Every structure is written in structure tokens, then in C-alpha cells.
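Enquirer:
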Amino acid sequence: MASAREAQQVAKRAVILGAIAFRASLEVTEHPRVVELSGRLLPWLREVGCDDELDPFERELLATPLGQLSDGQRIDANWAGEAGTFFCWALNLAAPLDVAAPADQSRLPGSLFILRPEANEILRSALLRESAELEDVCRHYALIRSVLREGRVALPAKEIIRRVSLEELDQVGLDVIEDAIRRASETVAGMQPEERSRATGLYFVRAHAALWLFGTGARYFESEP
-12 MASAREAQQV
-2 AKRAVILGAI
8 AFRASLEVTE
18 HPRVVELSGR
28 LLPWLREVGC
38 DDELDPFERE
48 LLATPLGQLS
58 DGQRIDANWA
68 GEAGTFFCWA
78 LNLAAPLDVA
88 APADQSRLPG
98 SLFILRPEAN
108 EILRSALLRE
118 SAELEDVCRH
128 YALIRSVLRE
138 GRVALPAKEI
148 IRRVSLEELD
158 QVGLDVIEDA
168 IRRASETVAG
178 MQPEERSRAT
188 GLYFVRAHAA
198 LWLFGTGARY
208 FESEP
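Going by the numbering used here, the sequence shown opens with residue -12, and the numbers climb by one from there.
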């Protein structure tokens, strides 16, 4: 039986990813305070009590001086807001994600009060959506990722990808019925070619966040999807 993580842990994860997304925006912003704001993010996360949820990779990224991120760090920072927005949705702080369009990451700093004391209230009063709704969306994201991957390979690789995806869902307690697989397949079939191409990366991130939400790993990046 599936069991989501505690709401406060999910809120910490959202705030951390929101801070990293904000860091990504500072990298491309011309303003006299960008260096100061970038340097404040890591100490601020400690102040609001998110230090225990910070992954070593995230700690290193936020400690890196502005303008000195590696190519890999920049990519990860730019994707952070996608998962952060998903967790905001799970916490009733954001609308559902668009099926094929990336999340509007510019909303995250305001929604999560990045670098502001009001973030403490987000963490204190965190409340997740109903379990059935969370399970449905998380299952859907993981299956969409599977269908997208299957569409890029031939048999028997398709069968292997599907089996691995179903095993991942089973490991976090999310059962799968044929209707759920059909719905995921129809979602992918309804995408335009350019949307389908973009959705490969989109659902890599979304499925990882979804499986973490129901998983038991101590760190967010412990098990890549």
C-alpha cells in the first residue's frame, strides 16, 4: 500500500528546489544584488530548517560562486523548478502541471517565499493533497515516462522498459491497472511531435519527483529514475 512522505519533508524539498531554481534565474539576471542574493541562499536554507533535507549535490551547487556553475550544475538548476512546482502542487500551493509544457518557474520564489521569513509558515503548516489524488498523478507521470521511453526503442527493449517501470511503481506501493497504462499511452499519443520531444526530459524530472514522493530513500538523488 502506497504511503506518501510527511508533508513537512515535502515542503522542505519544495523550498530547496525553489531556492535552486531562483539561483538558476540569478545566473541570467543583470542586477547589482545578484551576487549577494546568490550567496544568501545556502545560509537561509539552514536558517529555515532545511539543512537536513539538502542533498550534498545541492549543497555544492548553492555554495558555488555565481557564474561558476559547471554545465551539469546549470542543467540541474534549470530543471529544479519543474520538480519544485510539482511539489507545490502536492502541497496545494500551485495549479496542476500542464501535460506537455514546462512549469512556470518564475512563480516559485513568490509562492515559497524564497529568502523571506514567511517560508517558515510554509514549512510549519504544510499539508498534502488527498492520497488518492497524489497516487493517481504520480502513477500517471511514471507511466508517461515509460511510454515515452518505449517509443524510442524497438522490441525487446520496450518490454524491458515497461517491466522496470512497473517494478519501480510496485516498490513504492503504487499498483497499476490496464486503464492507467491506457491513459498514459493516450496522453503521449495526443502530444504534438515537438511536445513529445520536449516531454522526454520533462517526465524524467516529474517521474523522479513522483517516485521520491512515495519512496523511502534518505536522499532525493539517491535513486535516479
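By construction, the Cβ of each residue, glycine as well, lies at the ideal position given by its N, Cα and C atoms.
Keep in mind it's a predicted model, so treat the numbers as computed, not measured.
(1) Short of 8 Å in beta carbon distance, which residues of its chain neighbour G138, apart from the five on each side in sequence? Order them along the chain.
(2) Given a cut-off of 8 Å, decide if G202 and S(-10) are closer than it, judged by their beta-carbon atoms.
(3) Can you tell me which of the three DSSP states L80 falls into?
(4) Assuming E155 and L198 form a contact by the criterion Cβ under 8 Å, report the distance between their Cβ atoms to the nearest whole angstrom.
(5) Indicate whether the contact test is met: 3 or more Cβ pairs, each with one atom in the region 1 to 14 and one in the region 59 to 68, closer than 8 Å.
(6) Does the region 178 to 197 come close enough to the region 105 to 119 that 3 or more CB-CB pairs lie under 8 Å?
(7) Please classify R150 as buried or exposed, where buried requires at least 16 other C-beta atoms within 10 Å of its C-beta.
(8) Would you please state the rounded distance, in angstroms, between the beta carbons of A205 and L110? I believe it to be under 8 Å.
(9) Select from R(-8), E40, L29 the residue whose C-alpha is nearest the C-alpha of L48.
(10) So, with DSSP's three-state summary, where would you put S112?
(11) How far does the alpha helix (DSSP H) with V21 in it extend, from its first residue to its last?
(12) Quick check on I148: buried or exposed, where buried means 16 or more other Cβ atoms within 10 Å of its Cβ?
(13) Give the secondary structure of D166 by DSSP, where H, G and I count as helix, E and B as strand, and everything else as coil.
(14) Alpha carbon to alpha carbon, how far is G36 from A106? Give it in angstroms, no decimals.
(15) Distance, Cα to Cα, H127 vs A113?
(16) If you follow the alpha helix (DSSP H) that V124 is part of, which residue opens it and which one closes it?
(17) Using only the alpha-carbon positions, how far apart do A215 and E14 sit?
(18) Quick one: what does DSSP say R103 is sitting in, helix, strand or coil?
(19) Which residue comes first and which comes last in the alpha helix (DSSP H) that contains V257?
(20) Taking only three categories from DSSP, how would you classify P43?
Expert: Put simply:
(1) Excluding sequence neighbours, G138 sits near V175, R183.
(2) With a cutoff of 8 Å on beta-carbon distance, S(-10) and G202 are scored as not near each other.
(3) Look at L80 here: in three-state DSSP terms it is coil, with no helix or strand label.
(4) With 8 Å as the limit, E155 and L198 qualify as a contact, their Cβ atoms being about 6 Å apart.
(5) When C-beta atoms of the region 1 to 14 are compared with those of the region 59 to 68, three or more pairs fall below 8 Å, so the two segments count as touching.
(6) Contact between the region 105 to 119 and the region 178 to 197 is absent, because fewer than three Cβ pairs lie under 8 Å.
(7) Note on R150: under 16 other CB atoms within 10 angstroms of its CB, so exposed under the neighbour-count rule.
(8) Rounded to the nearest angstrom, the Cβ distance from A205 to L110 is 19 Å, too far for a contact under 8 Å.
(9) For the set R(-8), E40, L29, the Cα lying nearest the Cα of L48 is the one of L29.
(10) In the three-state reduction of the DSSP assignment, S112 falls in the coil class, being assigned neither a helical nor a strand state.
(11) From DSSP, the alpha helix (DSSP H) with V21 extends over 21 to 34.
(12) Around the C-beta of I148, 16 or more other C-beta atoms lie within 10 Å, and the residue is accordingly described as buried.
(13) In the structure shown, the three-state DSSP call for D166 is helix.
(14) Those two C-alpha atoms are separated by around 10 Å.
(15) Cα-Cα distance, rounded: 24 Å.
(16) Where V124 is concerned, the enclosing alpha helix (DSSP H) stretches over 118 to 137.
(17) Outside the shown range of the chain (-12 to 212) lies residue 215, about which nothing can therefore be said.
(18) Reduced to three states, the DSSP call for R103 is coil.
(19) The chain is shown only over -12 to 212; residue 257 falls outside these bounds and no answer can be derived.
(20) In the displayed model, P43 falls within a helix according to three-state DSSP.
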